[in-house]
Amino acid sequence: MMKLFKNKNFIISAICMILYAWLLGVIGIYGDAAATFMRTASLYILKYGSIILGAVLIIVLPMRINFALERNKRLRDEAIATARAQAELAKKLREDRQKELIAKKYEEMNNV
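Residue numbering for the sequence shown follows our numbering, starting at 4 and increasing by one per position.
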């Protein structure tokens with residue numbers, strides 16, 4: 004979500020300012036009535052926020068794990084395919100080199 008915003012420092016500072024004001028309200032800087040309200044509201048926010056966070060994690064984490072496993076499998080398969088191709092190329096180059104050496108020796112034998 005943060006990729007959508009260009010000025011991340013502004014967003015982070017606004018969130019910190021709101022949290023700081025909330026903390027001041029909870030400890031009673033704004034008065035006893037505000038402190039009581041803030042504590043009660045904090046209790047409900049934490050209670051229902053944790054339920055929502057748990058539900059989101061139950062939905063999102065398995066999807067993230069599945070995507071990571073699929074990506075790792077794809078990368079492993081690509082690495083294996085690349086290694087096989089490199090092995091075949093090395094084998095072909097060795098065979099070509101051997102053929103060149105045999106041709107060179109045969110040519111030397113014919114020239115002598």
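C-beta: ideal position from N, C-alpha, C; glycine also.
- Secondary structure of residue 50 (DSSP, three-state): helix.
- Judged by DSSP in its simplified three-state form, residue 32 adopts coil rather than helix or strand.
- Rounded to the nearest whole angstrom, the CA to CA distance from residue 59 to residue 68 is 14 Å.
- Residue state for residue 95 is assigned as helix, using DSSP reduced to three classes.
- Taking every protein chain shown into account, the CB of residue 41 has 16 or more other CB atoms within 10 angstroms, so this residue is buried.
- Collapsing the DSSP output to three states places residue 10 in coil.
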